[in-house]
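Remarks on the structure that follows.
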Amino acid sequence: MKLKRYCCQEDNLPNPNTDKFWDEKLKNNRKIILKSPVFIHKNKLIISQLKKISGNILDIGFGYGYIEYLIEKLNLNLSVYGIDISNYAINFAQKFYKGDFKKASIFKIPYKNNFFNCVLAIDILEHIPKNKIDISLLQIKKVLKNNGLLIVSVPLNESKKDKLLNGHLRIYNHNIIKNELKKSSFEIKKEIYLFAFKDRYFIKNLINKFLKVRKPNLVVLVAKKK
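See the structure below:
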């Protein structure tokens, strides 16, 4: 299956996604991100899916641990595991949340095969070089149980400036992410599109739902391992 419209970083620019890059980014942007309406809405949608399941869950690149916070707050029947390349993220999660948190990358997930009922890859795949996306999805598939769920989100219709500032290596559209998942034998069960309005968030989203004056800024996909 041929995938179109990949947009990678300039060849002379290094991949910025190092542990030090993410340590600094997480430290400096915490208040801004956690107050973002689209961030809050996205995580509420993810939690609404997690309420339907139980068992082991892996959060890849959990960052601030907001999902982990909500899981504990709502007392969901989930055993939480997480991996991240940021020491800041690992130390924070180990201090404040219950779960097994390890410094590791998506390229080599340090858990046994068929272990998880659900895997989260929230705003992760856009940071993966295009020549490693198949490896990454294969790693997820290996640790996920048969019929287990993968919940993934990626930004859409992103500007080049935002892409470079956030360490994104590719610009996604809805066809690319869906084709990547299908190619890796995931069956898409649900797709939800969000819009990054900075104020009057829910009113503007409601208006846009009918008038369609703005393209979506993010998609959340729920997929099942075949």
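Each residue of the sequence shown is one higher than the one before, starting from 1 at the first, in UniProt numbering.
C-beta: ideal position from N, C-alpha, C; glycine also.
For residue i and residue j, what's the separation of their Cα atoms in angstroms?
| i | j | result |
| --- | --- | --- |
| L206 | K130 | 35 Å |
| Y64 | V213 | 32 Å |
| Q94 | D100 | 8 Å |
| I32 | N43 | 15 Å |
| Y88 | K103 | 10 Å |
| P37 | A196 | 7 Å |
| K108 | L26 | 22 Å |
| L211 | H174 | 20 Å |
| L74 | K178 | 30 Å |
| D134 | E72 | 32 Å |
| F92 | V80 | 15 Å |
| L221 | N29 | 25 Å |
If we call anything under 8 Å between Cβ atoms a contact, is residue i one with residue j?
| i | j | result |
| --- | --- | --- |
| I46 | I67 | yes |
| L78 | L120 | no |
| Y69 | E126 | no |
| I106 | S136 | yes |
| L169 | I128 | yes |
| V154 | I192 | no |
| N217 | L181 | no |
| K225 | F186 | yes |
What are the boundary residues of the alpha helix (DSSP H) that residue i is part of?
| i | result |
| --- | --- |
| D134 | I133 to V143 |
| residue 227 | Missing from the structure shown is residue 227; the chain here goes from 1 to 226 and no further. |
| K178 | H174 to K183 |
| L156 | Segment: none, L156 is in no alpha helix (DSSP H) and carries neither H nor E. |
| I203 | Y201 to L211 |
Could you check where the beta strand (DSSP E) with residue i kicks off and where it finishes?
| i | result |
| --- | --- |
| F195 | It is not in any beta strand (DSSP E) - F195 carries neither H nor E in the DSSP assignment. |
| F107 | Counting along the chain, F107 falls outside any beta strand (DSSP E), and DSSP gives it neither H nor E. |
| L120 | F116 to I122 |
With a threshold of 8 Å between beta carbons, is residue i in contact with chain D?
| i | result |
| --- | --- |
| Y66 | The question asks about chain D, but that chain is absent: this structure has only one protein chain. |
What are the partner residues of residue i, as DSSP defines its beta bridges?
| i | result |
| --- | --- |
| P216 | None; P216 has no bridge partner. |
| D84 | K103 |
| I188 | A223 |
| L149 | C118 and K224 |
| L78 | G55 |
Requested in this report: Report the residue ranges of all alpha helix (DSSP H) runs contained in full by the region 13-66; include only those spanning at least 4 residues, in chain order.
Outcome: 19-34 and 37-50
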